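Worksheet: one structure, shown below.
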Amino acid sequence: MKYDFDLIEKKWQKIWDETGEFKISEDTNKPKYYALEMFPYPSGNLHMGHVRNYSIGDVVARYKKMRGFNVLHPMGWDSFGLPAENAAIKHGTPPAEWTWSNIDNMRSQLKRLGFSYDWDREVATAKPDYYKFTQWMFLKLYQNGLAYKKKSYVNWCPSCQTVLANEQVVNGKCERCKSEVGKKDLEQWFFKITDYAQKLLDDIDKLDGWPDKVRSMQTNWIGRSEGAELQFKLDGSDKTLTVFTTRPDTIYGVSYMVIAPEHPIVDELISGKPQEAECREFIKKVQSQSEIVRSATDTEKEGVFTGTYVINPFSGEKIPLYLANYVFVDYGTGIVMGVPAHDQRDFDFAKKYKLPIRVVISPEDKDIDSENLTEAFAAEGVLMNSDKFTGLNNKEALPKMIAYAEEHGFGEKKINFRLRDWLISRQRYWGAPIPIVYCDKCGTVEIPESQLPVKLPENVKFTGQGKSPLSECPEFVNTTCPKCGGPARRETDTMDTFVCSSWYYMRYCDPHNTEMPFSKEKTDYWMNVDQYIGGVEHAILHLLYARFFTKVLHDLGYIGCDEPFENLLTQGMVLKDGTKMSKSLGNVVSPEEIISKYGADTARLFILFAAPPERDLDWNDTAVEGAYRFLNRVWRAVDDLKDYMTDEKIGGLSEEDKKLRFAVNSAIKKVTENCNRFSFNTAISAIMEMVNSLYSYKEKAKEYNAPVITEAINSLILLLYPFVPHITSELWEVSGHTDKLSTHSWPEYDSSALVVNEIEIVLQINGKIRDKMVISPDLTPDEMKELALKSEKVQSFIEGKQVVKVIAVPKKLINIVVK
RNA sequence: GCGGAUGUGGCGGAAUUGGCAGACGCGCCAGACUUAGGAUCUGGUAUCUCCGAUGUGCAGGUUCGAUUCCUGUCAUCCGCACCA
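Letter 264 of the first sequence, counting from 1, is numbered 1203 in the working numbering, and no numbers are missing.
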């Protein structure tokens, strides 16, 4: 009988599909397990990254199921987004049509790989019954002050006439038309994620099951920094400017102040000043710089004097106020104090504009002076030239100086975050419409929940020119105000697709609920996700937004948990010849090609065997053949031995029988341990070793022991099942079983089969291996020592030397220390 | 600059609390079966001055014993980056 993977795989996929094998519901008699892989964007075809992601997830799901868990393992589609619209512009296909046909294609590809999803729970974010609740989420945020609209500088492509997301700006250029992206001041919707900055930061500590890398990336992204806000009076006015600084201890070293050119107060400051023209020129220049150039570390620091002075609240000194390109309007207060001696950026700026450099902190062990300074001294030290604070260590001085400022009413302690509010509006068609209307009488009015969803119109033209398609669709725009019934205009922006993907894992718990996004009862049973698996590229955006949503829904009482993902596995990339697979490099290996040549089981086995899940994996065609060869080897072994299968209990054993039983049971032990820690590559290698032992038994055993062979074959099939479910299902059947493999329990090893009556131990002299001996594992350390000293080799090595010490580790080794 | 990781044969990788470095697989070499084999089976495969030394990026340290723990250092990759 030949291993006909195509026939077998299609047969079992059909059975699974028709019998609803992987349908799951709540069952309080079993512990639940929620295994989740990041849902794909329906681009049209699966790539190897998907195959890897979902193969890992499928092993986890199938393994946990065999271990007695009630496993939720769903799949869906992150189906809103720009490519659908681009396809519409290019080919005239409506985004919906393009999306649904891509989904159909990719769903069948997933099925062809035999993943154990409960397809009854499939969700697609672009379906009205889903985005109804994305809109519901928006309303909940809006009602609780967490969604707001404000004017903001956004990326603007002048050629496409549209706003772009940061991700769509590549090296300062539009990813589609390659024209230079500018900035535009527009009214935009934001989610107030900054309200949760501290909580999101604090709870990173709880995420023990997440990789350090992701935790530190999120920590950096949130970017908490502690310091103070200090108020500087404007010279000749009663107004003040507030700076944020982490180094109030350097306040006596301030020799100038800088304000961001876009700062709203700038206009007032420069109006009528002799420097006005120069300043306006500078502002124009900075605004024309792209964000990339502007925020690059090596961009030269430039500025102009505003003609205005401010007063240092500590020293009373009058200092000049500059505009400069290195200050950002949206961080801190948009105004920064310049301390050239103790900050490298300020040092560079002061050198260029010949501003005073005054040292106010010096290292403990040496003196530094302003004249000879070649770079800023940013380290710890002792305060000097700092009035009553002189002589204090800067660490002690810092809280004292903040307290002093608070006492005198010109400053306070302040914590700033780098995290910005989340801009969620997009001037795009293929996204969830924001459920808001604008009424001349009532202003901004939310759509009542009962009227959701606000559906996307279908009769829309895609030209890629002019305004967003929705704003040019009068049937959509013109509506009535839900409050007063008068004429009103709909919001024509749609939501960022990351909004849709921030809550999909909750929807899987209760996907057919028409009243609510999910019931508390169902999420209380299933949430949180026990194991989340996906690429590290989502380390910040998606994973942070999902945490934010979970916390908001938790605080509003809709969900019990306050973190969505208990454990996170970030799988490595699939490479070819050391580089990322890409169409432009022409090194793409398509899953379909591999499946048709070797089958889904081989594809899965290779991908799981070639590297540990979190590491990058280099595609290797000959190693794929190796995986295929192994499956053939398994197939032949079972085929050859299946007639020995019996119900008889294990009885008398020959030496060969014992050897095989040892191999089988230690494989069960190893594979179990390896699967528990997701070390699938070593789990597979342990199974390979067991198959090698089985072949060796076939070759060497004088007489075949049917119960021992039965144990071996059954264990082999069961251990291999989570990795390669089709071939094992078939082998389970051909070897005479009538029950379902998918619900069979995971095998347990027989510890008596692992007992041996002799083991080999190592004899070391001074830590170097000199001999080996075979002894009973029960020998005491003293007995072992005695035996070891009798070894001829050992004797020749210790002859004429003094034995200082003998270390005996039971079942392992003996080390004799000599001088 | 800040943060995170990774360095082991020709290659992918293994060694869970310190205890035989290189499991398993790829590749390569040899043998068997065969008209033939790119099928299959069996054996071999770290390096060298190969009778016994050396080897887990490099240099130290702790220990009877270090791929594993500690200190320093180098290299590569990834993320953030003019954030005051």
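Using N, Cα and C, we set each Cβ at its ideal position, and we do this for glycine too. Predicted model only: the values in this text are computed from it and were never measured.
- Item | Cβ separation of Ala1315 and Ala1263, assumed to be a contact under 8 angstroms, to the nearest whole Å | Not quite, the Cβ-Cβ distance comes to about 16 angstroms (not below 8 angstroms), so this is no contact.
- Task: Pick helix, strand or coil for Met1445, following the three-state DSSP scheme.
- Result: Secondary structure of Met1445 (DSSP, three-state): helix.
- Taking the beta strand (DSSP E) that Ile1209 falls in, what are its first and last residues? Run containing Ile1209: none in the beta strand (DSSP E); it sits in the alpha helix (DSSP H), Val1205 to Ile1209.
- Classify Pro1187 as helix, strand or coil using the three-state DSSP reduction. Note: Pro1187 maps to helix in three-state DSSP.
- Determine the contact status of Asp1432 and Arg1365, defining contact as a CB-CB distance below 8 angstroms. The answer is yes: Cβ separation under 8 angstroms.
- For Thr1541, which option in Ser1593, Phe1569 and Ser1624 has the closest C-alpha, if you only look at C-alpha atoms? When only C-alpha atoms are compared, the closest one is Phe1569.
- Item | Cβ-based neighbour list, Pro1720, same chain, cut-off 7 angstroms, excluding 5 preceding and 5 following | Excluding positions up to five away in sequence, the list reads Ala1747 and Pro1749.
- Query: Given that a residue counts as buried once 16 or more other Cβ atoms are within 10 Å of its Cβ, and exposed if not, what is Met1455?
  - Reply: Classification of Met1455: exposed, given that the 10 Å Cβ count is below 16.
- Message: Assuming the contact rule is C-beta atoms closer than 8 angstroms, Tyr1135 and Lys1490 should be a hit. Round their C-beta distance to whole Å, please.
- Response: Confirmed, about 6 angstroms.
- Query: With respect to the beta strand (DSSP E) encompassing Val1225, which residues constitute its N-terminal and C-terminal limits?
  - Reply: Per DSSP, Val1225 belongs to no beta strand (DSSP E); it is in the alpha helix (DSSP H), Glu1215 to Ser1227.
- Rounded separation between Pro1295 and Asn1094 - CA only: Rounded to whole angstroms, Pro1295 to Asn1094 spans 38 angstroms at the Cα level.
- Could you name the residues of the same chain whose beta carbon sits closer than 7 angstroms to that of Pro1774, not counting the 5 residues immediately before and after it, in chain order? The question about residue 1774 has no answer here: the residues shown for the chain are numbered 940 through 1758.
- Residue span of the beta strand (DSSP E) that contains Phe1130, given as start and end: Gly1121 to Phe1130 is the span of the beta strand (DSSP E), which, as asked, contains Phe1130.
- Message: If you follow the beta strand (DSSP E) that Cys1378 is in, where does it begin and where does it stop?
- Response: Ile1375 to Cys1378 is the span of the beta strand (DSSP E), which, as asked, contains Cys1378.
- Task: Report the option in His1451, Gly1007, Val1197 and Val1563 whose CA atom is closest to the CA atom of Tyr1069.
- Result: Among His1451, Gly1007, Val1197 and Val1563, the Cα nearest to that of Tyr1069 belongs to His1451.
- Compare the Cα-Cα distances from Tyr1443 to each of Cys1423, Pro1503 and Tyr1377 and report the closest residue. Nearest option by C-alpha distance: Pro1503.
- Where do the N-terminal and C-terminal ends of the alpha helix (DSSP H) with Val999 fall, by residue? From DSSP, the alpha helix (DSSP H) with Val999 extends over Met987 to Met1005.
- Mapping DSSP to helix, strand and coil, what is Phe1288? Residue state, collapsed to three classes: helix.
- List in chain order: all unbroken alpha helix (DSSP H) runs of 4+ residues lying wholly within the region 1137-1173. Taken in chain order, the whole alpha helix (DSSP H) runs of length 4 or more contained in the region 1137-1173 are 1151-1161.
- Query: Should Phe1356 and Gly1162 be called a contact, given that it needs their Cβ atoms to be closer than 8 angstroms?
  - Reply: Yes, these two residues count as a Cβ contact at 8 angstroms.
- Item | For Val998 and Phe1764, believed in contact at Cβ under 8 angstroms, the rounded distance | Absent from the structure is residue 1764, since the part of the chain shown begins at 940 and ends at 1758.
- Within 10 angstroms of the Cβ of Ala1235, are there 16 or more other Cβ atoms? Answer buried if so, exposed if not. Residue burial is scored here from C-beta neighbours: Ala1235 has fewer than 16 other C-beta atoms within 10 angstroms and is therefore classed as exposed.
- Query: If you follow the beta strand (DSSP E) that Phe1356 is part of, which residue opens it and which one closes it?
  - Reply: Looking at the DSSP string, the run of the beta strand (DSSP E) that includes Phe1356 is Gly1350 to Phe1356.
- Looking only at its own chain, which residues have a Cβ that is under 6 angstroms from the Cβ of Ile1412, when we skip the five neighbours before and after it? The amino acid at residue 1412 is misidentified as Ile; the sequence shows Cys. Answer for Cys1412: Pro1396 and Val1399, listed in chain order.
- Message: Using a Cβ distance threshold of 8 angstroms, determine whether the region 987-1005 contacts the region 1046-1066, with at least three qualifying pairs required.
- Response: With three or more CB-CB distances shorter than 8 angstroms, the region 987-1005 counts as touching the region 1046-1066.
- Message: Give me the DSSP bridge partner(s) of Asp1557.
- Response: Asp1557 is bridged by DSSP to Leu1514.
- Verify whether the separation of the beta carbon atoms of Leu1140 and Phe1487 is less than 8 angstroms. Contact flag unset, no.
- Task: For Lys1079, count neighbouring Cβ atoms within 10 angstroms of its own Cβ and tell me buried if that reaches 16, exposed if not.
- Result: It is buried - the Cβ of Lys1079 has at least 16 other Cβ atoms within 10 Å.
- Decide if Thr1667 is buried, meaning its Cβ has at least 16 other Cβ atoms within 10 Å, or exposed. The residue in question, Thr1667, is buried, as its Cβ has 16 or more Cβ neighbours within 10 Å.
- Query: In angstroms, rounded to a whole number, what distance separates the CA positions of Ile1607 and Thr1185?
  - Reply: Roughly 57 angstroms between the two C-alpha positions.
- Message: Would Ile1700 and Ile1714 be called neighbours here (beta carbons separated by less than 8 angstroms)?
- Response: The answer is yes: Cβ separation under 8 angstroms.
- Message: I'd like the ranges of any beta strand (DSSP E) spanning at least 3 consecutive residues and lying wholly in the region 1635-1714.
- Response: Under the rule that a run must span 3 or more residues, the beta strand (DSSP E) segments found entirely inside the region 1635-1714 read 1698-1704 and 1707-1714.
- Query: Quick one: is Arg1554 buried, meaning 16 or more other Cβ sit within 10 Å of its Cβ, or exposed?
  - Reply: Arg1554 is exposed by the Cβ-count criterion.
- Message: Quick check on the burial criterion: 16 or more other C-beta atoms within 10 angstroms. Buried or exposed for Arg1616?
- Response: The C-beta of Arg1616 has fewer than 16 other C-beta atoms within 10 Å across all chains shown, which makes the residue exposed.
- Message: Taking the straight line between their C-alpha atoms, what separation do you get for Ala1566 and Phe1545?
- Response: CA-to-CA, the gap between Ala1566 and Phe1545 works out to about 5 angstroms.
- Return the CA-CA distance between Phe1072 and Pro1392, expressed in angstroms with no decimal places. In a straight line, the C-alpha of Phe1072 is about 8 angstroms away from that of Pro1392.
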